[in-house]
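Here the numbering used here = 1-based position in the sequence shown + 1.
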Amino acid sequence: MGHWFSRNIVEPGKLPMLLALTSFVLTFLVTRTVTRLIRAGKGPFGNVSSGGVHIHHVVPGVVLTVLGGFGAVASDRHGVGACVFAVVFGVGAGLVLDEFALILHLDDVYWTDQGRKSVEVVVLTTALVGLTLSGFSPLGVNDMTADERQDRATFLLTLAVNFLFVLIALVKGKFRMAVLGALIPFVAIVGAVRLARPGSWWSRHFYGRRHKARARSRIRTYRHDKRWTKVRRRAQDLIGGFQERVPGRGSTPS
Numbered sequence: 002m003g004h005w006f007s008r009n010i011v012e013p014g015k016l017p018m019l020l021a022l023t024s025f026v027l028t029f030l031v032t033r034t035v036t037r038l039i040r041a042g043k044g045p046f047g048n049v050s051s052g053g054v055h056i057h058h059v060v061p062g063v064v065l066t067v068l069g070g071f072g073a074v075a076s077d078r079h080g081v082g083a084c085v086f087a088v089v090f091g092v093g094a095g096l097v098l099d100e101f102a103l104i105l106h107l108d109d110v111y112w113t114d115q116g117r118k119s120v121e122v123v124v125l126t127t128a129l130v131g132l133t134l135s136g137f138s139p140l141g142v143n144d145m146t147a148d149e150r151q152d153r154a155t156f157l158l159t160l161a162v163n164f165l166f167v168l169i170a171l172v173k174g175k176f177r178m179a180v181l182g183a184l185i186p187f188v189a190i191v192g193a194v195r196l197a198r199p200g201s202w203w204s205r206h207f208y209g210r211r212h213k214a215r216a217r218s219r220i221r222t223y224r225h226d227k228r229w230t231k232v233r234r235r236a237q238d239l240i241g242g243f244q245e246r247v248p249g250r251g252s253t254p255s
């Protein structure tokens with residue numbers, strides 16, 4: 002395990018990215034826990050205010066993201082500075098994306114249905130960065146054996162083919178299937194071969210005169226959403242704490 006970690010994480014310069022991802026996920030989880038405690042009136046935590054202005058945690062998040070980003074650009078990928086700035090960037094990004102929905106709507110929607118966008122963006126970001134880390138890096142590794150070169154070439158070919166299926170799934174409006182397919186090879190085939198969702202690019206360009214295909218697409222989309230929307234919302238509730246309803250919109254804890 003140590004050899005694999007050194008060969009595929011440290012040597013290609015992926016350690017800062019791993020640290021950034023870890024700090025990003027931990028910051029999001031800790032922030033959600035603290036905000037839920039504030040909302041429930043438990044623990045020593047409280048909202049942060051200055052001069053009567055409620056300061057959301059996206060504010061220090063932006064500052065940390067800027068510091069970490071510029072610091073990482075100015076650092077060597079294999080140096081201690083890169084690792085430190087990667088952690089700073091990850092913490093800042095976790096604070097910012099936890100309130101992504103507030104930035105998107107320019108309103109206090111943290112605990113509303115619109116606030117679920119923050120959870121979706123965090124999960125998506127984690128998945129995409131995790132995909133980058135999990136893949137073999139064809140560059141930055143010295144003295145590769147013939148077997149290692151063949152394994153990496155096979156991986157890159159598989160990745161390229163799978164990327165085509167991911168693109169097809171995307172233009173068919175299967176966004177979540179495309180993301181899952183990017184993480185698990187060839188899962189995107191399911192989204193690529195099935196009918197496109199109504200209103201997607203594929204549907205507009207290829208179903209214009211295919212009335213039966215459009216009708217079947219609407220029916221399948223309705224059945225799919227009816228089956229999986231509740232499951233997705235329960236997962237978001239578990240992560241984001243939306244099950245603890247309160248009347249009205251309420252204020253967003255910092």
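We treat Cβ as the ideally placed atom computed from N, Cα and C, and that holds for glycine. All figures in this text were calculated on a predicted structure; none of them were measured in a lab.
Work out the CA separation of Leu171 and Ala189 for me, nearest whole Å.
-> Straight-line Cα distance between these residues: approximately 9 angstroms.
Whole alpha helix (DSSP H) elements within the region 158 to 235, 4-residue minimum = Correct list: 176 to 184, 189 to 194 and 202 to 207.
Val54 in three-state terms, based on DSSP | The answer is strand: DSSP assigns Val54 an E or B state.
Is the Cβ-Cβ distance between Ile56 and Phe46 less than 7 angstroms?
-> For Ile56 and Phe46, no; Cβs fall outside 7 angstroms.
Run of the alpha helix (DSSP H) containing Arg33, from where it starts to where it stops | Start and end: Leu16 to Ala41.
Can you give the Cα-Cα distance for Val26 and Ile10, rounded to whole angstroms?
-> Rounded to whole angstroms, Val26 to Ile10 spans 18 angstroms at the Cα level.
Identify, in the order they occur along the chain, each residue of the same chain with its Cβ nearer than 6 angstroms to the Cβ of Arg37, setting aside the five sequence neighbours on each side.
-> Correct list, in chain order: Gly242.
Backbone CA spacing between Tyr208 and Leu160 [nearest angstrom] | Each residue's CA atom was taken as its position, placing Tyr208 and Leu160 some 29 angstroms apart.
If you compare alpha carbons, which of Arg33, Leu19 and Ile185 is closest to Leu96?
-> Answer by Cα proximity: Arg33.
Determine the direct distance from the alpha carbon of Val130 to that of Glu100, and round the result to whole angstroms.
-> Here the alpha carbons of Val130 and Glu100 stand approximately 19 angstroms from one another.
Might you give, ordered along the chain, the residues of its own chain that have their beta carbon closer than 7 angstroms to the beta carbon of Ile169, omitting 5 neighbours on each side?
-> Counting only Cβ-Cβ distances below 7 angstroms, and skipping sequence neighbours, we find Ala193.
Sort His106, Ala102 and Thr113 by Cα distance to Val122 and report the nearest one.
-> Ranking the options by Cα distance to Val122, first place goes to Ala102.
Taking just the CA atoms, how far does Pro199 sit from Gly174?
-> Linking Gly174 to Pro199 through their CA atoms gives a straight-line distance of about 8 angstroms.
Would you say His58 reaches chain C, if we count a Cβ-Cβ gap shorter than 7 angstroms as a contact?
-> Absent from the structure: chain C. Only one protein chain is present.
Going by beta carbon distance, what residues of the same chain come within less than 6 angstroms of Leu181, once the five residues before and after it are set aside?
-> Once the five neighbours on either side are set aside, the close Cβ partners of Leu181 are Val188.
Just how far apart, CA to CA, sit Leu157 and Ile240?
-> Distance between the alpha carbons of Leu157 and Ile240 is about 33 angstroms.
Roughly how many angstroms separate the alpha carbons of Lys43 and Val110, rounded to a whole number?
-> Spanning the two alpha carbons is a distance of roughly 22 angstroms.
Along the alpha helix (DSSP H) that carries Ala94, what are the first and last residues, could you check?
-> Residues Val81 to Asp99.
Please report how far the alpha carbon of Thr66 lies from the alpha carbon of Ile104, in whole angstroms.
-> The straight-line gap separating the alpha-carbon atoms of Thr66 and Ile104 is approximately 15 angstroms.
Beta-carbon separation (whole angstroms), Arg217 vs Leu184, contact threshold 8 angstroms | About 28 angstroms separates the two Cβ atoms, so there is no contact after all.
Considering Leu65, what are the terminal residues of the alpha helix (DSSP H) in which it resides?
-> For Leu65, the enclosing alpha helix (DSSP H) starts and ends at Val59 to Val74.
Is Ala73 near Phe90, with beta carbons less than 7 angstroms apart?
-> It is a contact, given that the beta carbons lie within the stated cut-off.
Length of the line joining the Cα atoms of Ser204 and Arg221 | Distance from the CA atom of Ser204 to the CA atom of Arg221, rounded to whole angstroms, is 13 angstroms.
Close Cβ partners of Asp77 (< 8 angstroms) along its chain, the five nearest in sequence each way excluded | Cβ-Cβ distances below 8 angstroms link Asp77 to Ala83 in the same chain, with the five nearest sequence neighbours on each side left out; the list follows chain order.
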